[in-house]
Amino acid sequence: MAEQTLIIVKPDAVKRNLVEQILSRFEKKGFTISKKKTLNFTKEMAKEFYSAHSAKPFFDELVSFITSGEVVVAIIERDDAVSLTREIIGNTNPKEASSGTIRGDFGISITENSIHASDSSESFDKEVNVVF
Ligand code: CMP
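Structure representation (structure tokens):
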């Protein structure tokens, strides 16, 4: 049965005109893009979106980066969407991400890592409410 997940093409990738290339990787893998929009995160949205990381030393940098420019958020769906999307995006740190994954191919650093994806259905439910 089709499952939904949320992806965010982050400011570093939007600035480098990588949105279409990134979204087409999911379409080629059989995902349907059911909702998509461009937006700028406010600080309040960013803090809520990343609240699970609020005690981490990198939290301020994370909020500052995600609010630094336009992002493209999309709800994508197919069977096993959450786990397959995590495979397609690759390791959080682009230096450790395999070639052929989005972060392996496009990510610049652990902060400027080009894409976010929900890590569970529970995260998806929360994240969707912040951005849509
Ligand atoms: P994302 O998938 O958007 O979810 C949380 C983000 O925190 C993650 O991508 C990284 O960009 C960032 N992050 C995770 N670990 C670190 C770290 N050790 N240092 C800096 N940023 C990090």
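Numbers 1104 to 1235, taken from our numbering, label the letters of the sequence shown in order.
We put the beta carbon where it would ideally sit given N, CA and C, even for glycine.
beta-carbon residue i near the ligand CMP non-hydrogen atom, thresh 7 Å
i, result
"F1209", "no"
"T1204", "no"
"I1179", "no"
"F1161", "yes"
"N1216", "yes"
"L1187", "no"
"L1142", "no"
"E1164", "yes"
"T1072", "The requested residue 1072 does not occur in the structure, where the chain is confined to residues 1104 to 1235."
"I1191", "no"
Residue(s) in a DSSP beta bridge with residue i
i, result
"Q1107", "E1180"
"V1174", "L1142"
Local Cβ density within 10 Å of residue i, reported as buried at 16 or more and exposed below that
i, result
"Q1216", "Just to set this straight, residue 1216 is Asn in the shown sequence, not Gln. Its Cβ being crowded by 16 or more others within 10 Å, N1216 is buried."
"D1182", "exposed"
"G1203", "exposed"
"T1188", "buried"
"F1235", "exposed"
Cα-Cα separation between residue i and residue j, rounded to whole angstroms
i, j, result
"S1226", "S1167", "21 Å"
"A1105", "I1179", "10 Å"
"K1229", "K1118", "27 Å"
"T1135", "A1220", "15 Å"
"G1133", "I1169", "28 Å"
"F1161", "D1208", "23 Å"
"D1115", "V1185", "23 Å"
"E1199", "S1223", "22 Å"
"K1131", "I1218", "17 Å"
"A1177", "E1123", "12 Å"
"F1129", "T1108", "12 Å"
"E1147", "T1214", "19 Å"
"E1173", "L1142", "6 Å"
"S1157", "I1191", "26 Å"
"I1111", "V1175", "6 Å"
"L1126", "N1196", "20 Å"
"S1171", "D1163", "12 Å"
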